[in-house]
Ligand code: HEA
Ligand code: HEA
Ligand code: CUA
Ligand SMILES: [Cu+2]
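Residue numbers (this note's numbering), protein chains in the order written: chain A, 1 to 654; chain B, 655 to 952; chain C, 953 to 1159; chain D, 1160 to 1263.
Now the structure itself:
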C-alpha cells in the first residue's frame, strides 16, 4: 500500500532535482504568504468582490497585465537558465531533458501567456475608453475569457512541479510530441493548457470585434477611430479566424494521445506533417496578433509625443487590413524545408515577402509623423522610437528568411532565433512597455517615474542588442536552436558569452522597471487631471483611474483625435456635467470564475487521463452554463445620486 | 537619442566585417560547393538590398530626430497629415525590392531541383552517386546502395561529383544540414525526399541535425569527407575488404534510441534493399496491426 | 406580449430581437462566432481530405458509406432547418405557441438525425471494425462527422433550454433574441452538414 | 435600412413563401448532387467540381433564405464575418491539399 502511494507520488511529483525543489518550496511559501496577508488584513471579501467576480473591463485588463508581468518573469528566468547552460561548451548545469523542458516552456509562456495577455490586457484597459463606451459588448464573457486564460496558464505552469513539463518545443512537432515518442503528462499539459487559454482568447476576439463595431460613441465613424482601436479591431479579426485552427490542432493531437487516433502518428497512415501545417496556419497569424496592437500603441505614442497628427492615417489602416489578409496565406514559410515542390515554396516565398510592403508603409508613416513634430522624449516615446530601428532589423531578417533557398541555410539556426526575438521583443515587448508607461496613470492614477523609466529603458534596450545581434552570427556559424550543449572548437563560445551577458543585462533592466513600479506606487506623481500627456483620444477625457462607468455622459465625437478637438473647442466639461441619467451596468458574477476553475479540473483530469475527475468537472461546467442561460436579472442601474457623488469626488462637478 | 542610431550603424559595420573578413568559421558564408554557392549568392544579394533599406530608414530616422528633437525646433506643423506622392514612393520602392528578391528566389528554387551543374571549367559530366540518409534517434545512417556500404555518423563522397541524397527518418523528424555544402532538408517518416550536395574540394565538412528530435538531438552531428576520385574508390575498396558486415541484429540495435560514434560496415542486410519501403514503415510503426501491409502509396 | 408588439408605434417596425442594444450586439457577436466555426470545420475537412486515402489496410470510404442512410440523415437535417426557420417566422409574428411547436418538431428531427448517426457509428465499429484508432482515414472521419454530431447534440440541449424559457416568459426582447440565435446555430449546422454530405459521403463514393 | 425592416415585416405576415422555396431548392440541389454521383456517368473531376458548386449554392440558400444574413443594421459586418470565414476556410482546405499533395 505504502509502496503504491510512493510509486504514485514519484510519478506524480517531479522529484530529484534541486532546481525544482527550489521551485516547489518557493511556490508553497508564496501561497502561504498570500493566504496569510489576505487573512491578516481581512482582504478575502475585498478580493472576491472587487476582483475575482468583477466584470469591469478595466479591472480585467489590470489582472491580465499583472498575469503577463508574472509570466514575463517566469519566462525570463527560463531564458536566463538556458543562457547559463549554453554560455560555454560542454556545460553540465542543466541536463538535456531539463533544457528541453525549459525552452519549451519559455517559448510557450512568452508567446501565449505573456505576450497575449499583455495585449488583451491593454485592449481591455484602453479600447472601451477610446471609443467612449461604458464597457465591452459582453462583459460576462469577458470575465470568462480572462479566467479561462488564467486557469490555462496555471495548468501549464503546474506541469513544472506535478508530472513534468512538456519537452517538444513550443511548436510541439509530431511525431516527436506524439504518444509513442513522448509518453507521460508533460505534452498533455501543453495541449490542455493552451486549449483552455485559446478558447478564452477566441471569445475575446469575438467580444472586441462586436465592441468596436457597434459600441463607438455617436459620431465616431470607423475612420475617426484611434489607431490603437483600429489595431485591436484587426487583431480581433485575426484572432477570430486563426484561433479555431489552434483549437482543432490541439484537439486532434489530444485525441491522438489520449484515444489512440492516428492523425499525426507514423503508424496506420497518420500524417505528422499535417500537425506542422495546422500549427502554422494558426501560428503565423498569431505572430501578427502579437505585433499589430503594438503597432497601434506606437501610433498613439508617437503621435502624442510628437504633438502632431498621425501621418497617413488611412494608409496606416489599410496596411493593417492588408497585413491581416496576407497573414493567412504565408504559413508555409515555417516549413520551407519539408520537401515541398518548387512551386509551393515559390508561392509562399513571394506572399511572405509581400508583407514587407504594408509594413514598410507603416514604418515610413511613423517616421513622417515625427517629421515636423515637436518630439518629447518621454519614457513611453523612447520605447516607441527604439522600436523603429530594432524592429527594422528583425523585419528585414524576416524577409531574408522568406527567401526559401536561403532559408534552407537559416532554418532552425540561431539566425532564426535572433529574427523572432528581434521582432517579438523589439516589436511586441517594446510596444507593451510603451503602453505600460503611457496608460499607467489611466490604470492606477499615478505616473511612473520618468528617470527610473529611462534608466530601465537604456539598460534593457542596449542589453537587448548585446543579446540578440550576436545570435545572427552564431546562427550563420552553424549553431542550431534547441541544442542543450555544444562541443568545443567551433568558435561559438565568445559570441555565446556576449549573448548571455546581454540576457542578464535585460534582467537588470527589467528589475529596474519593477522597482520603478514599486517606487511610483508609493511616491509617484498623482494624476489629478486625467490627462497627463496632453492626450488626443477619449481615454484622456475621463478621470485617472476611470470611474466604474467610464463616462457620466457618453461623449460626442466629431473628428479623429476627438479629445484634442474637444479641448480646442473647450467642450471637455460636458462629459461630466449634470443632469445625469441612471446608468445601466451589468452585475458582477462569480460564475465565470467558478466555471473556469471547473474547467481547470476537467483539464487536469484529462492531463492524467483521470476520467473520474474530467467527466464530472466537464458536466458541472455545462451546468454553470445552463444556470447562466436562465439568469435574467444580471444588470442594475447606477442611480443619479451615486453618479453625482462619484463625479464630485473626482472634482469634476464644480 | 543619437546614441541609439550610432549603435545601429556600428552593428551594421560589424556585419560587414563579418561578411568580408574572417568567414572561415562562419559556415554559411563559406560555401564549398555549387549548391551552397547558389544559396550564398542569394544571401549576399538579399543582404545588399536589406542594407539599402536599413540605410534609407536610418537616414530619415536620424534626420527627423536631430531636426525635430530639440525643444524649439522650427517647422513644427501639427496638422501635417499626409502626402500622396511620398506615400506612393514608399509603396513602390518596396514593391520593386520585393520583385528583385522574388525573381532570383524562384529561379534558384527550380534550379535546386536537379543535380548541380559541373563546377569546374572542364564541364565534363560526372555520373552522380546516390546515398540514402536515414535519421534515427539520435544518429545518422548513410547507405551506399550501389557500393553496398553502410556508415554511421559520417560519409565519404568524391569531390566534384553531384551526390543525390535520399532522405528518410525512422522515429522523430530531423533535418540534414551541412552548411558548407548545402542548405538543409527535413528527414520525415513516411515521406522520402531528395536533395543534392556537391563539394568542390576535398575536405571535412561538419553537418548536424537542424530539427529538434529529443534528448540526444544536440549530439546528432556528422562529418562529410570529400575525397579525390581515386581516394574515394580506394576507400570503398578498403571498406569492402576490411570492415565487418551489418547484420540484422546490429541494424535493429542501431534503431534503438541512443547516441553513437562513427561506424563502417562493408555490407548491409539485402532484405533492406528489397523491402525497403515496407521495412521503414515497419520500423516506424508503434503498433504492429497496421504493420507491414500499410499502404505506402505515396 | 402585447406591450411589446405595440411599442415604438411611431417608428417603422423592427423585429423584436433587434429592438435592444443588447440583442443587436449578441446577434452580431454570434455571426462573428459562426465565422470562427466555419474555420474550425474547415480544418477538420482539410485534415479528413488529406488522410482520406490513408486507410492502413482498413475499411475504405467506398466500403463503409451507405447511400440510403446518409440520404435519410441529410433529409432529416434539411427539413429540420426548414421547421426551425418556420419557428423564426412565427417569432416575427410574436406567436410563442407557434414558435414552440416548430422548435419541438425541429428537436424531434434533430434527435432522429442523432439516432441515425449513432447507429451508423456503432455499426461501423462493430461490423466493420472501423474505429477511431483503426486508421488515419477513420480518425479523420469520426472526428469530423462526430464534431458535427456533437454540435447538433449541444444544439438540442440548448434549444430545449430555450423552449422552456419561452414557455415561462413568452416572447420578450430577450427570449426573441435567444430564439433567433439558436435558429442561426441550427441553420449553420445544416450548412456544415451539406459540406459533410458533399465532401465526405458523396466524394467517398467517387474516390 | 428602415425600409428593409418594414419589408421583413411584410414578408412575415402570411404564408412563409421564402422558407418553402428555400426548402424546395435545397432538396432539389441535394438530389441533383446525389444523382450526379450515383449515375457514375461523369468524369471524376466533373463530378467533384459540380457537387462542390452545388454545395456552395446550398450554403447560400441557407444563409439567405433561412438565416437572414442580409438583414439588420450590421449586415455589412455579418457578411464580412461570414465572408472572411469562407476565405480562410478555402485557404485552409485548398492550401493544405496543395501542400500535402504528395500524400493524397
Ligand atoms: C512579432 C512577431 C513576428 C513578426 C512581426 C514577424 C515578422 C516577419 N517574419 Fe517572422 N517569425 C516569428 C515572429 C514574427 N515574425 C517567430 C516567433 C518565428 C519562429 C517561430 C519558431 O520557429 O519557433 C518566425 C519565423 C519566421 C520565418 C520562418 C523561418 C524558418 O523557420 O526558417 C520566416 C520566413 O519567412 C519569417 C518571416 C517574417 C517576415 C517576412 C516578417 C515580416 O512581417 C516583416 C516585415 C517588416 C519589414 C520588412 C521591415 C519594415 C519594412 C520596410 C522598411 C519596407 C522596405 C523593406 C523591404 C521591401 C524588404 N519569420
Ligand atoms: C515574446 C516572446 C519572447 C521573449 C520576450 C523572449 C525573451 C528572451 N528569450 Fe526567448 N524564445 C521565444 C520567445 C521569447 N523569448 C520563443 C518562442 C522561443 C522558441 C522556443 C522553442 O524553441 O520552442 C525562444 C527561445 C529562446 C532561445 C533559444 C533556445 C534554444 O533554442 O535552445 C533563447 C536562447 O538564448 C532565448 C533567450 C531569450 C532571452 C535571453 C530573453 C530575454 O529577453 C528575457 C529577458 C527578461 C528577463 C530576464 C526578465 C526576468 C527578470 C528576472 C528573471 C530577474 C532576475 C534577473 C537577474 C538575476 C539578472 N529564447
Ligand atoms: Cu423568414 Cu425565417
Ligand atoms: Cu511566420
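Just so it is clear, CB atoms sit at the ideal spot from N, CA and C, and this is done for glycine as well.
Within the same chain, 200, 592, 593, 595, 596 and 597 come within 8 Å of residue 147(A) by CB-CB distance, once the 5 residues on both sides are set aside.
Residue pairing of residue 413(A) in beta bridges, as defined by DSSP: 480(A). Apart from sequence neighbours up to five positions away, the residues of its chain that approach residue 120(A) with a beta-carbon distance below 6 Å are 64 and 204, ordered along the chain. Residues of chain D whose Cβ lies closer than 7 Å to the Cβ of residue 1033(C) are, in chain order, 1221 and 1225. Shortest Cα-Cα distance from residue 847(B) to any of 823(B), 837(B) and 903(B) involves 823(B).
Each of 992(C), 1008(C), 979(C) and 970(C) was checked against the Cα of residue 248(A), and the nearest Cα belongs to 992(C).
CA-to-CA, the gap between residue 1113(C) and residue 565(A) works out to about 50 Å. Under the 8 Å criterion on CB atoms, residue 1257(D) is classed as interfacial with respect to chain A.
Selection 609(A), 583(A) and 607(A) evaluated against residue 646(A) yields 583(A) as nearest (Cα-Cα). Non-local C-beta neighbours of residue 546(A) in its own chain, meaning closer than 7 Å and more than five positions away in sequence, comprise 58, 129 and 442, ordered along the chain. For residue 72(A), the CB contacts under 6 Å within the same chain, skipping 5 residues up- and downstream, are 114 in chain order. Neighbours of residue 1192(D) across chain C, judged by C-beta separation under 7 Å: 1150 and 1154.
Annotation: the segment 856-914 of chain B contains the following complete segments of the alpha helix (DSSP H) (minimum length 4 residues), in chain order: 883-896 and 902-909. The Cβ neighbour count for residue 892(B), taken over all protein chains shown within 10 Å, is under 16; the residue is labelled exposed. Burial of residue 366(A) is indicated by the presence of at least 16 other C-beta atoms within 10 angstroms of its C-beta.
At a cut-off of 8 Å between beta-carbon atoms, residue 1197(D) makes no contact with chain A. From the listed residues 74(A), 328(A) and 455(A), the smallest Cα separation to residue 512(A) is found for 455(A). Among the residues of chain A, those whose CB is under 7 Å from the CB of residue 991(C) are 241, 244 and 245, following chain order. For residue 411(A), the nearest CB of chain B lies under 8 Å from its own CB, placing it at the interface with that chain.
Rounded to whole angstroms, the gap between the alpha carbons of residue 1192(D) and residue 1231(D) is 33 Å. Residues of chain B with a Cβ closer than 9 Å to the Cβ of residue 169(A) are, in chain order, 866. A Cβ of chain A is located within less than 8 Å of the beta carbon of residue 1262(D). The nearest non-hydrogen atom of ligand 4 is 7 Å or more from the C-beta of residue 120(A). The alpha helix (DSSP H) runs lying completely inside the segment 290-359 of chain A and spanning 4 residues or more are 313-326 and 342-354, given in chain order. Between residue 808(B) and residue 855(B), the C-beta spacing is not below 8 Å. Contact between the segment 339-349 of chain A and the segment 750-766 of chain B is present: three or more C-beta pairs spanning the two stretches fall below 8 Å. Under the DSSP definition of a beta bridge, residue 446(A) partners with 526(A). With contacts defined by Cβ atoms closer than 8 Å, residue 153(A) and residue 23(A) do not form a contacting pair.
Within chain A, not a single residue places a beta-carbon under 9 Å from that of residue 1176(D); the smallest gap is close to 32 Å. For residue 431(A), the distance from the CB to the nearest heavy atom of ligand 2 is not below 7 Å. For residue 881(B), the closest alpha carbon among the candidates 889(B), 875(B) and 874(B) is that of 889(B). Cβ proximity to chain D below 7 Å picks out 271, 273, 274, 277 and 281 from the segment 269-282 of chain A.
Distances between the C-beta of residue 731(B) and the heavy atoms of ligand 1 are all 7 Å or more. For the C-beta of residue 723(B), the chain A residues within less than 8 Å are, from N- to C-terminus, 375 and 377. At least one heavy atom of ligand 1 lies closer than 7 Å to the C-beta of residue 420(A).
Between ligand 1 and the CB of residue 99(A), the shortest heavy atom gap is not smaller than 7 Å.
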